[in-house]
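K.L.:
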Amino acid sequence: EKGTYPHYMLKEIDEQPVVVRNIIQNYQAENGSLKIDEDILSAMKDADRIYIIAAGTSYHAGLVGKQFIERMAKIPVEVHISSEFGYNMPLLSEKPLFIFISQSGETADSRQVLVQVKELGHKALTITNVPGSTLSREADYTLLLHAGPEIAVASTKAYTAQLAVLAILAQVSGRSKGIETDLDLVKELGIVASAMEALCDSKEEFESIAREYLSVTRNAFFIGRGIDFYVGLEGSLKLKEISYIQAEGFAGGELKHGTIALIEEGTPIIALATQDFVNLSIRGNVKEVVARGANPCIISMEGLEMEGDRFVIPEVHHLLTPLISVVPLQLIAYYAALHRDCDVDKPRNLAKSVTVE
Ligand code: F6R
Numbered sequence: 244e245k246g247t248y249p250h251y252m253l254k255e256i257d258e259q260p261v262v263v264r265n266i267i268q269n270y271q272a273e274n275g276s277l278k279i280d281e282d283i284l285s286a287m288k289d290a291d292r293i294y295i296i297a298a299g300t301s302y303h304a305g306l307v308g309k310q311f312i313e314r315m316a317k318i319p320v321e322v323h324i325s326s327e328f329g330y331n332m333p334l335l336s337e338k339p340l341f342i343f344i345s346q347s348g349e350t351a352d353s354r355q356v357l358v359q360v361k362e363l364g365h366k367a368l369t370i371t372n373v374p375g376s377t378l379s380r381e382a383d384y385t386l387l388l389h390a391g392p393e394i395a396v397a398s399t400k401a402y403t404a405q406l407a408v409l410a411i412l413a414q415v416s417g418r419s420k421g422i423e424t425d426l427d428l429v430k431e432l433g434i435v436a437s438a439m440e441a442l443c444d445s446k447e448e449f450e451s452i453a454r455e456y457l458s459v460t461r462n463a464f465f466i467g468r469g470i471d472f473y474v475g476l477e478g479s480l481k482l483k484e485i486s487y488i489q490a491e492g493f494a495g496g497e498l499k500h501g502t503i504a505l506i507e508e509g510t511p512i513i514a515l516a517t518q519d520f521v522n523l524s525i526r527g528n529v530k531e532v533v534a535r536g537a538n539p540c541i542i543s544m545e546g547l548e549m550e551g552d553r554f555v556i557p558e559v560h561h562l563l564t565p566l567i568s569v570v571p572l573q574l575i576a577y578y579a580a581l582h583r584d585c586d587v588d589k590p591r592n593l594a595k596s597v598t599v600e
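The sequence shown begins at 244 in full-length UniProt numbering and counts up by one.
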């Protein structure tokens, strides 16, 4: 039940710190280290390439998951949209492992791919929030999100839970092959949970950002580089699905290859700057659009902030920034939808789980 909350979406955004702590607990062995079932670890070890299959928000989590797995487990990863994969199947590697990411575990587009790859004799792991869901039952292995029921149509806590579980899977898989990462994941996810709490306590700030940038605009752009780009894709999906503002996420460097033509006086640009090695280049991209009249809202991270940034998120490990940089974007989308009198929990034309192809 949503209790004192006006909407499930807001409640579910606020639950994120607790969900991250639950995930740590659920994936901890008695000695405190992170653990994943042996059969999943040996499937990861056997794989020469991982294919992540997902839709919507879960696809966006997969894009970040690819970075986690490639960096911490050193296995090449491809991320595919489930509705495209079926008839547009890439040339598969010799020993592929399929990872299906699905909050509901019922998405028909993803299930269709699962059926197809099982027929080809390949192994599949489902990462889902719903035990006993179709995708979980039909895959060889399951990892649960432990996020509690997600009711609002716009997915929030499932996304951050997917990222946390993917990070754990990546690190434990790497470790089982003798790859050590310079990242104390239990500690760093704890820092993430506290940072999420701080962000959830800054709601007025995000309400005023939404009012200032999004209450009258027709469109909005999200830009970032590297994993910030992927979070921007998720931020733009959140905004468009609940506020009906036409929103798009772009890689900072790609703007000048066409989209910059859309920038007009006052066009809101939400830019993420959480990565040291691209901090100056994303700020260069912001200058390019400001020169064409855009209204920039830079969200940066402690240690990388510069004068004029609109909001600075607390510092977390550089690989884990998507878990917290998404929170401002979720809250900004929420308040933008409220300011525009939209039905936040049940946006038009959308259903919580998409069981048709
Ligand atoms: C967006 C959203 C959708 C879902 C997508 C996949 O907020 O909720 O984009 O992420 O329909 O759903 P699952 O993860 O249940 O397969």
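Just so you know, even glycine gets a beta-carbon here, dropped at the ideal spot from N, CA and C.
Return the bridge partner residues of residue 462 from the DSSP annotation.
P.N.:
489
K.L.:
Measuring straight from C-alpha to C-alpha, what distance separates residue 287 and residue 456?
P.N.:
44 Å
K.L.:
I think residue 531 touches residue 483, with their Cβ atoms under 8 Å apart; what is that distance to the nearest whole Å?
P.N.:
Actually they are not in contact, since the Cβ atoms of residue 531 and residue 483 sit about 23 Å apart, beyond 8 Å.
K.L.:
Nearest by alpha-carbon distance to residue 323: which of 559, 342, 375 and 313 is it?
P.N.:
342
K.L.:
Quick check on the DSSP output: what are the complete beta strand (DSSP E) runs of length 3 or more inside the UniProt domain "SIS" (452-590), in order along the chain?
P.N.:
If one requires a minimum length of 3 residues, the beta strand (DSSP E) runs lying completely within the UniProt domain "SIS" (452-590) are 462-467, 489-494, 511-516, 538-544 and 554-556, in chain order.
K.L.:
Measure the CB-CB distance between residue 562 and residue 542 and report whether it falls below 9 Å.
P.N.:
no
K.L.:
Give me the residue from 552, 299, 340 and 512 with the minimum Cα distance to residue 597.
P.N.:
299
K.L.:
Where in the UniProt domain "SIS" (283-422) do unbroken runs of the alpha helix (DSSP H), each at least 4 residues long, occur, reported from the N-terminal end onward?
P.N.:
Positions of the alpha helix (DSSP H) runs, each at least 4 residues long and wholly inside the UniProt domain "SIS" (283-422), are given as 299-315, 325-328, 351-362, 377-381 and 400-419 in order along the chain.
K.L.:
So the candidates are 478, 504 and 454; which of them puts its Cα closest to the Cα of residue 492?
P.N.:
478
K.L.:
Nearer than 8 Å: is that true of the beta carbon of residue 596 relative to any heavy atom of the ligand F6R?
P.N.:
yes
K.L.:
Here's the rule I'm using: 16 or more other beta-carbon atoms within 10 Å means buried, otherwise exposed. How should residue 481 be labelled?
P.N.:
Per the 10 Å Cβ criterion, buried.
K.L.:
Please check the pair residue 593 and residue 373, which I expect to be a contact at CB under 8 Å, by giving their CB distance rounded to whole angstroms.
P.N.:
In fact, because the Cβ distance is near 18 Å, the residues do not count as touching under 8 Å.
K.L.:
What does DSSP give as the partner residues of residue 259 in its beta bridges?
P.N.:
According to DSSP, residue pairing for residue 259 in a beta bridge does not occur.
K.L.:
What is the DSSP secondary structure of residue 426, reduced to helix, strand or coil?
P.N.:
coil
K.L.:
Are residue 381 and residue 358 closer than 9 Å when you measure CB to CB?
P.N.:
yes
K.L.:
Taking just the CA atoms, how far does residue 566 sit from residue 295?
P.N.:
Rounded to whole angstroms, the gap between the alpha carbons of residue 295 and residue 566 is 19 Å.
K.L.:
Going straight from the alpha carbon of residue 248 to that of residue 254, what length do you get?
P.N.:
Each residue's alpha carbon lies about 6 Å from the other.
K.L.:
Would you check if the distance between the CB atom of residue 416 and the CB atom of residue 346 is smaller than 9 Å?
P.N.:
no
K.L.:
In this structure, how does DSSP classify residue 277 when only helix, strand and coil are distinguished?
P.N.:
Judged by DSSP in its simplified three-state form, residue 277 adopts strand.
K.L.:
Roughly how many whole angstroms lie between the Cα atoms of residue 354 and residue 310?
P.N.:
Cα-Cα distance, rounded: 24 Å.
K.L.:
Given a cut-off of 9 Å, decide if residue 515 and residue 466 are closer than it, judged by their beta-carbon atoms.
P.N.:
yes
K.L.:
Taking residue 511 as the reference, which of 529, 520, 524 and 522 has the closest Cα?
P.N.:
529
K.L.:
Whose C-beta lies closer than 6 Å to the C-beta of residue 587 among residues of the same chain, with five residues either side of it excluded?
P.N.:
250, 252, 485 and 580
K.L.:
Can you list, in chain order, the residues of its chain with a C-beta nearer than 8 Å to that of residue 246? Leave out the 5 residues immediately preceding and following it.
P.N.:
254
K.L.:
Name the DSSP beta bridge partners of residue 271, please?
P.N.:
277
K.L.:
Just checking residue 502 against the ligand F6R - is the residue's beta carbon closer than 8 Å to any of the ligand's heavy atoms?
P.N.:
no
K.L.:
Looking only at its own chain, which residues have a Cβ that is under 8 Å from the Cβ of residue 534, when we skip the five neighbours before and after it?
P.N.:
none
K.L.:
From this set, 405, 590, 425 and 508, which residue's C-alpha is nearest residue 263's C-alpha?
P.N.:
405
K.L.:
Determine whether the beta carbon atoms of residue 384 and residue 471 lie at a separation below 9 Å.
P.N.:
No, these two residues do not count as a Cβ contact at 9 Å.
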